[in-house]
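Asker: Protein chains in written order, with the numbering used here: chain A, 1 to 161; chain B, 162 to 544; chain C, 545 to 737; chain D, 738 to 1116. For each residue, glycine too, the CB sits at the ideal point set by N, CA and C. So that we are looking at the same thing, I have put the structure below in structure tokens.
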Amino acid sequence: MNDLLRPDATQQALQQRVPGLTLTIEGDALIIPADRLLEVGRFLKESEPYRLDYLSNLCAVDFVVEGAHLETVYHLYSMEKKHGPVVLKVRVPRDNPHQPSVVSVWRGAEYQEREAYDLYGIIYDGHPDLRRILMWDGFDGHPMRKDYVQEDQDALEERHA
Amino acid sequence: MHSRNVMPEQALETQLLELNIGPQHPSTHGVFRMEVVLDGENVVKLKPVMGYLHRNHEQLAEDMTYIGSMPFTDRLDYFCAMTNNLAYAIAVEKLVGLDVPERAQYIRVIMSELTRLVNHTAVTGFLLNDLGAFFTPTLYAFREREKILDLFEAASGSRMMCNYMRFGGVREDLPDGFLEGACEVVDYYPKFLDEFEKLLTENEILRARTQRVGILPKELAVSASVTGPMLRASGVNYDIRKVDRYSIYDRFDFKIPLGSIGDVYDRYYVRILEMRESVKILDKVLRDIPSGEYLSPRGKAISKAPRTFKPPKGEAYGRIESPKGELGFYLVSDGSVNPYRYHVRPPSFINLTILEDMCLGHKVADAVIILGSVDIVMGEVDR
Amino acid sequence: MIPGQGLLKGLAVTLTNFVASYPWGQRLLKLIGINGISGMFTVEYPEQQVKPAERFRYFPFLVYDGTPDNLRCVACKICEQECPPQCIYIEMEKDEQGRPVKQHGRTLPKRFDIDVSVCMSCRICVDVCPFDAIEMDNDFELGAYDRFQSLVFEKDKLLKSAEYFAQIKPTEAAEVNARLAAKAKKTATDKPV
Amino acid sequence: MDQLFVSLKQQFLDLSSRFLPESLLPWISMLISIAVIATIAPIIMMYFTWLERKVIARMQNRFGPNRAGKFGLLQPIADGIKMLTKEDIVPAGADRLAHFLAPVLAVIPALLVFAVLPFGRNMTAIDLNIGLLFFLAMSSIGTFAVFAGGWASRSKFSLLGAMRSVAQIISYEVPMVLAVVVVIMMTGTLSTNAIVEAQESLRWFVFTPWGFVGFLLFFIAGVAEVNRTPFDLPEGESEIVAGFHTEYSGMKFALFYMGEFLGAFAMAGLAATLFLGGWQGPLLPSWLWFLLKTYALVFVMIWFRGTFPRLRIDQLMNFAWKCLLPLSMINVGVAGLWLYLPAIIRWPLAIVILWTSAVWLTRLALPVQWERRTYQLAE
Chain A
1 MNDLLRPDAT QQALQQRVPG LTLTIEGDAL IIPADRLLEV GRFLKESEPY
51 RLDYLSNLCA VDFVVEGAHL ETVYHLYSME KKHGPVVLKV RVPRDNPHQP
101 SVVSVWRGAE YQEREAYDLY GIIYDGHPDL RRILMWDGFD GHPMRKDYVQ
151 EDQDALEERH A
Chain B
162 MHSRNVMPEQ ALETQLLELN IGPQHPSTHG VFRMEVVLDG ENVVKLKPVM
212 GYLHRNHEQL AEDMTYIGSM PFTDRLDYFC AMTNNLAYAI AVEKLVGLDV
262 PERAQYIRVI MSELTRLVNH TAVTGFLLND LGAFFTPTLY AFREREKILD
312 LFEAASGSRM MCNYMRFGGV REDLPDGFLE GACEVVDYYP KFLDEFEKLL
362 TENEILRART QRVGILPKEL AVSASVTGPM LRASGVNYDI RKVDRYSIYD
412 RFDFKIPLGS IGDVYDRYYV RILEMRESVK ILDKVLRDIP SGEYLSPRGK
462 AISKAPRTFK PPKGEAYGRI ESPKGELGFY LVSDGSVNPY RYHVRPPSFI
512 NLTILEDMCL GHKVADAVII LGSVDIVMGE VDR
Chain C
545 MIPGQGLLKG LAVTLTNFVA SYPWGQRLLK LIGINGISGM FTVEYPEQQV
595 KPAERFRYFP FLVYDGTPDN LRCVACKICE QECPPQCIYI EMEKDEQGRP
645 VKQHGRTLPK RFDIDVSVCM SCRICVDVCP FDAIEMDNDF ELGAYDRFQS
695 LVFEKDKLLK SAEYFAQIKP TEAAEVNARL AAKAKKTATD KPV
Chain D
738 MDQLFVSLKQ QFLDLSSRFL PESLLPWISM LISIAVIATI APIIMMYFTW
788 LERKVIARMQ NRFGPNRAGK FGLLQPIADG IKMLTKEDIV PAGADRLAHF
838 LAPVLAVIPA LLVFAVLPFG RNMTAIDLNI GLLFFLAMSS IGTFAVFAGG
888 WASRSKFSLL GAMRSVAQII SYEVPMVLAV VVVIMMTGTL STNAIVEAQE
938 SLRWFVFTPW GFVGFLLFFI AGVAEVNRTP FDLPEGESEI VAGFHTEYSG
988 MKFALFYMGE FLGAFAMAGL AATLFLGGWQ GPLLPSWLWF LLKTYALVFV
1038 MIWFRGTFPR LRIDQLMNFA WKCLLPLSMI NVGVAGLWLY LPAIIRWPLA
1088 IVILWTSAVW LTRLALPVQW ERRTYQLAE
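Right, here's the structure in full:
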């Protein structure tokens, strides 16, 4: 990872260039306030030293212990500069998981956001077509959330029960 | 976004035809469905529907030890079990900071390049099936694939569900005679490719069907996170083997073939050229492979007792260039024996994002071959 | 440029493969200097059989030494715990008081079932077994008409001798035997203390 | 040997004339012909399928059917039994009558065209003086069956297949008929038998420039007419499942199949008759020559299927209207010139005209194929 993309360097650059933004660093990731995500995304995609034009991975994580929240993780790379990653995280509360969609910045988020919505129930505002993608339409609940109760079907155990 | 004029001028009032291509259809490569709206034979709308093979792989992994998920990664993209194993192993190694012995690195490169050959020949064969060729290219491809699968069987004990990589190396050392067998296969491979190309590349019907069909512009490809041969067919020079230089790919001299237009023909031909480059890598790696450990002592301990393996709290994203594109594993560890979060970044799933953009304005028959050229495997798309 | 040149080339490829599929065709092609066309590739399965690779793995079995009651398994349940698709079911042999019964100086399973329609042949049970008691078989002709009667292998069906193991997987068996011998020696030397 | 079947029939007729009045004999003769054709046709169809599976398998390094009987020779019979015993499914909402009639309609014209095929010397069932016209008329009736079947199934895939089929068959009819015109110009007759007789002692039409081009045009258009690869769009299995016969099962499906394979066989037979000298040939008996030539063309059809991908509907149309049709018209013109020019001039002239027009027309009809691509090998 080059110096430019180190979390602290990115944090400083972002705080200078995007007015009124405060970021925290956690590990290698930058925590972005949900309402500033699009600004940050556009800046990272378009500004010259970064040019992070490629959203490699978008996924959601459900944290239930210590400050329960849902988190969306973005791994950004640049195909033009061939560098990366810059890791962004957006945290939303579990009971009202709304955050902006980044489809307008990176088209590649379209299906990945649909998947995160389907499995975790995070609602990405501004997504062109936010429907379930892997589970069927009438499915109830979001199966990857930690509090989702799984059905337990172990054929062998049942036979021996 | 859609450059083509999708509605032709109409003198008569006509009705649009809604058609479900799939989930049971010969050319949807498994249980995949395309909801298509047709004007005559022209596609005016196309919505992919998936999830028929969904088994919540990611959640299964959360209830399992780290090693326990390894055989399940085989079943993601069941054509490329070896690269799936490799991507997962690399992600875990990144999470924990494990070293991989020299010989194991070489074995990993051998296996991933052989997998690339397997995948690219097979997908080219299937593409030709979608084009209406009656199985001849597919079976020629399968003939060669079979020889490589025999090698996989010799090394790992299974032809497709290899479960071969381990954290810190590979599960077993290469058996006697493997390198000789591999050399034989690799030496013959260019001859096979010549035959294959003679059958296909200049074929006028193939050219008429594939050229200027399903064009994916460079900008859209980058923005839509398209990866793999599809991206390179659109002319973007991005290959993770070169960019990340994971494993020991920086030691080999190979080129990245790039297309110019990004249509189905380019995707077909980029794959052929990629196979030729893979053969070059294999030539070298089979000659240079050193002797030594195939699995680090730590790795051996992990395989022997999976429940002693508790990665420290943290997260890691490991990615490789699988034959279909960027295959990534995102792992979050909470310090227990099970991963807290285990996410797969499936290349063929994300490559489907722009399926509609490529198909609009073309005929139904084109939609089928465009889908074929995306190279999807439902095990990976639906997980 | 001949119209249809590419088509003619393709036709030539299929025709050479057609001719090469006959023995006389192979000779003919050699005569006119075309080599390396593979010809027939099919293995006619029930009559001809490809010998599986030595490491070929299908379903697991339990190894015993000498007589079937002398099995290596001690019902420690590690494999049951580690099996990714959870297809192993083990119960330890216990007496009325619930104490483990010992035979040949070790505990033994009362039940050992493997649901082979769930098993995915990953070989993790073999990797984790500390006693080398479970190994992979390579018998794959197991077609059956019912699910639970024929495809849940119970202990009796799983028991196979160490000789059988040595016969199907000579290299691996030699390694295992060496390891066991070393272990036995170690316990033998440890015991007097 | 040559007249084996003819004399067999004659002897049978002689035998029956002892018991039956003279006036019935022509009817009996006809009945014999019908019976023979009706028996031979299914056998031809069955072994066509067998041959196709064997040949394609061999092209793909496989054995093909080899379990039922020696070389799998009983396979078609097993298939036949399978087809007969399968459940006959009619989709809900289908037009039952049309759904039932379509397969029948597919087979009958395919059988009828056999009446005018000259299988050997004196072996034409009816030597109609408009035999060729009859053949072309009958073979295009098959379109009705395809369309009726596709429409009656009430399935979208079937309907798409049916629409494609109608468009395709009507388009390819035109160049096919025009390709035949040259033969009629040279022989001045529509009788298939007379056409064969005109090609005596190796003066097969295919050995002339116009005949060669006519043969290619006729064969290509014929392949399209009988829906075979690379023109098998009406049933293009990778796109529209099975096209017009998606919703057919059991015997009805088998009848469609039969109609198609008989059509293909008849088309090969007619191409052999018109351009390859029919039953003419040295040494071997005439019917064997006919079968040899026909099966050679059948082999080519199978070979195509083993090699080629399929065209797209618009390319198919382009190819018919922009390439085959003008070329066949030019060919008619060339044939006209041929009749009036001395031999020294007409050979080079015909070759030059036909060659240049063929090259240019294919270039116009399929413009993309000439595009050259460069691939960068980047670091």
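1) I need the boundaries of the alpha helix (DSSP H) containing residue 706 of chain C, first residue and last residue.
2) Taking the continuous beta strand (DSSP E) assigned at residue 494 of chain B, which residues delimit it?
3) Can you give me the C-alpha to C-alpha distance between residue 801 of chain D and residue 241 of chain B, rounded to a whole angstrom?
4) Listing by chain order, which chain A residues have their CB less than 9 Å from the CB of residue 543 of chain B?
5) Listing by chain order, which chain A residues have their CB less than 7 Å from the CB of residue 155 of chain B?
6) Taking the beta carbon of residue 883 of chain D as the centre, do at least 16 other beta carbons fall within 10 Å, making it buried, or is it exposed?
7) Any Cβ of chain B within less than 8 Å of the Cβ of residue 737 of chain C?
8) CA-CA distance, residue 189 of chain B and residue 994 of chain D?
9) Apart from the five residues on each side of it in sequence, which residues of its chain come closer than 8 Å, Cβ to Cβ, to residue 688 of chain C?
10) Going by alpha carbons, who is nearest to residue 426 of chain B out of B/522, B/377, B/307 and B/318?
11) Establish whether the CB of residue 175 of chain B and some CB of chain A are separated by less than 8 Å.
12) Do we get a CB-CB distance below 8 Å when we pair residue 719 of chain C with the residues of chain B?
13) Could you tell me which of B/518, B/467 and B/339 sits nearest to residue 204 of chain B, measuring between CA atoms?
14) Go through its chain and collect everything with a Cβ distance to residue 388 of chain B's Cβ below 6 Å, but skip five positions before and after it.
15) Between residue 342 of chain B and the rest of its own chain, which residues show a CB-CB distance below 8 Å, the 5 nearest in sequence each way excluded?
16) Evaluate residue 12 of chain A with the Cβ neighbour count: other Cβ atoms within 10 Å of its Cβ, from every protein chain shown; 16 or more gives buried, anything less gives exposed.
17) Beta-carbon separation of residue 233 of chain B and residue 250 of chain B under 8 Å?
18) Of all the CB atoms in chain D, is at least one closer than 8 Å to the CB of residue 202 of chain B?
19) What's the gap between the Cα of residue 925 of chain D and the Cα of residue 918 of chain D?
20) Looking at C-alpha atoms only, which residue of D/1080, D/977 and D/956 is the closest neighbour of residue 1002 of chain D?
21) Run through chain A and tell me which residues come within less than 7 Å of residue 266 of chain B, C-beta to C-beta.
22) What does the alpha-carbon distance come out to for the pair residue 317 of chain B and residue 347 of chain B?
23) What three-state label does DSSP hand residue 1038 of chain D in the structure shown?
24) On the DSSP bridge assignment, give the partners of residue 644 of chain C in chain order.
25) So which of A/90, A/149, A/65 and A/59 has the shortest CA-CA distance to residue 108 of chain A?
26) Answer with yes or no whether the minimum CB distance from residue 233 of chain B to chain C is below 8 Å.
27) For a test of the three-state rule: what should DSSP assign to residue 757 of chain D, helix, strand or coil?
28) Please report how far the alpha carbon of residue 774 of chain D lies from the alpha carbon of residue 285 of chain B, in whole angstroms.
29) Determine the burial state of residue 10 of chain A: buried for a count of at least 16 other Cβ atoms within 10 Å of its Cβ, exposed for fewer.
30) Contact defined as beta carbons within less than 8 Å: I believe residue 725 of chain D pairs with residue 850 of chain D. What is the distance between those atoms, to the nearest angstrom?
31) Determine the extent of the beta strand (DSSP E) in which residue 791 of chain D is found, giving its start and end residues.
32) Alpha carbon to alpha carbon, how far is residue 413 of chain B from residue 208 of chain B?
33) What in chain E is Cβ-close to residue 547 of chain C, meaning under 7 Å?
34) Quick check: residue 533 of chain B and residue 357 of chain B, are their CB atoms within less than 8 Å of each other?
35) What residues in its chain sit with their C-beta under 7 Å from that of residue 833 of chain D, if we drop five residues either side in the sequence?
36) Tell me, please, whether the CB atom of residue 796 of chain D is closer than 8 Å to any CB atom in chain C?
Answerer: In short:
1) 706-712
2) 486-494
3) 29 Å
4) 134
5) What the structure shows of chain B is the stretch from 162 to 544, and residue 155 of chain B is not part of that stretch, so it cannot be assessed.
6) buried
7) Low per-residue confidence applies at residue 737 of chain C: pLDDT is 49, beneath 50, and the placement is therefore not dependable, though the value from the model is reported in the following sentence. No, residue 737 of chain C lies away from the interface with chain B (no Cβ there is under 8 Å from its Cβ).
8) Going from the Cα of residue 189 of chain B to the Cα of residue 994 of chain D covers about 25 Å.
9) 694 and 695
10) B/377
11) no
12) no
13) Ranking B/518, B/467 and B/339 by Cα distance to residue 204 of chain B puts B/518 first.
14) 486, 487 and 508
15) 311, 312 and 315
16) exposed
17) no
18) Interface residue, yes.
19) 10 Å
20) D/956
21) Those within 7 Å of residue 266 of chain B in chain A number zero; the least Cβ separation is about 21 Å.
22) 19 Å
23) helix
24) C/638
25) A/59
26) yes
27) coil
28) 44 Å
29) Buried.
30) Nothing about residue 725 of chain D can be reported from this structure: the residues present for chain D run from 738 to 1116 only.
31) Taken as a continuous stretch (DSSP letters only), residue 791 of chain D belongs to no beta strand (DSSP E), being part of the alpha helix (DSSP H) at 762-796.
32) 42 Å
33) Absence of chain E from the displayed structure is noted, the protein chains being A, B, C and D.
34) no
35) 827
36) With its beta carbon less than 8 Å from one in chain C, residue 796 of chain D belongs to the interface.
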